[in-house]
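Engineer: Position 2 of the sequence shown, counted from 1, bears residue number 47 in the numbering used here, the numbering being contiguous throughout. Here a beta-carbon is modelled for each residue, glycine too, at the ideal position from N, C-alpha and C. Bear in mind that the values here come from a model prediction, so they are computed numbers and not experimental data. Pasting a structure here, questions to come.
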Amino acid sequence: MNTLRTISFTFLALVFSASLSAQSHSIEFKIELLSDHMTWGVFVRPDNTISPSDNISTGSGQVTIVAPLDFTFSNFKNVSGTWIENARVNAPAEAPDKSYVSFGFVADEPRISLMPNEETMLFTFTCNGVHANEISLFDNNTDPFAAPNSYSSNPGNDIGVIDFSSPNGVVSYHYSGIYGNTPAFGTNDVIAAANEED
């Protein structure tokens with residue numbers, strides 16, 4: 046019986062893997078200072094290459110924020126999905142004036158929706174406003190602390206979503222990059238614009 050069960054499970058796994066042959070790096074993240082100028086929001090959206098159905102499931106994810114060394118946050122609130130701080134590195138050799146704070150995806154509750162041409166808020170937090178122009182998302186391609194690094198850690202942004210009702214069958218969507226602003230080692234136009242409104 047156990048042998049039959051193992052064979053059946055292996056067959057189903059192979060069939061499911063084959064059906065996921067269509068993969069797309071087409072999901073983007075953004076961090077933004079909200080209108081109260083105290084609360085930060087992290088958002089997700091599909092890019093213009095995909096139109097996800099309503100029948101999706103998020104299975105994994107991570108968001109890494111780059112901030113000053115004395116960065117602290119409070120009032121953390123999950124909006125879509127359940128996220129927790131799961132790693133922090135202060136002053137690595139690659140960026141001694143930065144802190145890297147990673148939030149890991151725990152569960153798809155509240156459920157994350159991906160609507161074409163719309164962004165979905167994942168979570169929010171508040172922090173000391175003096176650092177408003179110094180907080181950004183980690184850039185997987187250009188940040189000096191990208192793996193491999195001096196801490197043997199794995200900072201970065203990632204998300205994995207399966208769409209069970211795509212016109213192309215069962216497909217998976219993955220993280221592609223940042224929209225709306227640029228990383229810490231560049232000019233953050235969105236945040237700068239928000240600060241100019243003060």
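Taking the alpha-carbon positions, what's the Ile101 to Ser125 distance?
Structural biologist: Using only the alpha carbons, I get a separation of about 13 Å.
Engineer: Roughly how many angstroms separate the alpha carbons of Gly225 and Ile157, rounded to a whole number?
Structural biologist: The straight-line gap from Cα to Cα measures roughly 20 Å.
Engineer: Spatial neighbours of Asp208 within its chain, please: C-beta separation below 6 Å, excluding the five flanking residues on both sides.
Structural biologist: Closer than 6 Å at the Cβ level, and outside the excluded window around Asp208, lie Pro97, Ser98, Ile101, Val216.
Engineer: If you drop the 5 nearest sequence neighbours on each side, which residues of the same chain put their C-beta closer than 8 Å to that of Phe170?
Structural biologist: Once the five neighbours on either side are set aside, the close Cβ partners of Phe170 are Thr84, Trp85, Phe118, Ser119, Asn120, Phe121, Lys122.
Engineer: Could you tell me the alpha carbon to alpha carbon distance between Asn131 and Leu78, rounded to whole angstroms?
Structural biologist: When rounded, the distance between both Cα atoms is 22 Å.
Engineer: Rounded to whole angstroms, what is the Cα-Cα separation between Ala112 and Lys143?
Structural biologist: Ala112 and Lys143: Cα-Cα distance of roughly 6 Å.
Engineer: Return helix, strand or coil for Ile95, following the three-state DSSP convention.
Structural biologist: Residue state, collapsed to three classes: coil.
Engineer: Between Pro91 and Asn202, what straight-line distance do the alpha-carbon atoms span, to the nearest angstrom?
Structural biologist: In a straight line, the C-alpha of Pro91 is about 15 Å away from that of Asn202.
Engineer: Taking the DSSP output, what are the residues bridged to Asp208?
Structural biologist: Per DSSP, Ile101, Val216.
Engineer: To which residues of the same chain is Ala140 closer than 7 Å at the C-beta, ignoring the five residues directly before and after it?
Structural biologist: Hits under 7 Å: Pro189, Phe190.
Engineer: Measuring CA to CA, which of Asn186, Asp184, Ser211, Val108 is closest to Pro161?
Structural biologist: Considering only alpha carbons, the answer is Ser211.
Engineer: Given Leu114, which residues of its chain have a CB within under 8 Å of its CB, disregarding the five upstream and five downstream residues?
Structural biologist: Excluding residues within five positions, the ones whose Cβ falls inside 8 Å are Asn135, Ala136, Asp142, Lys143, Ser144.
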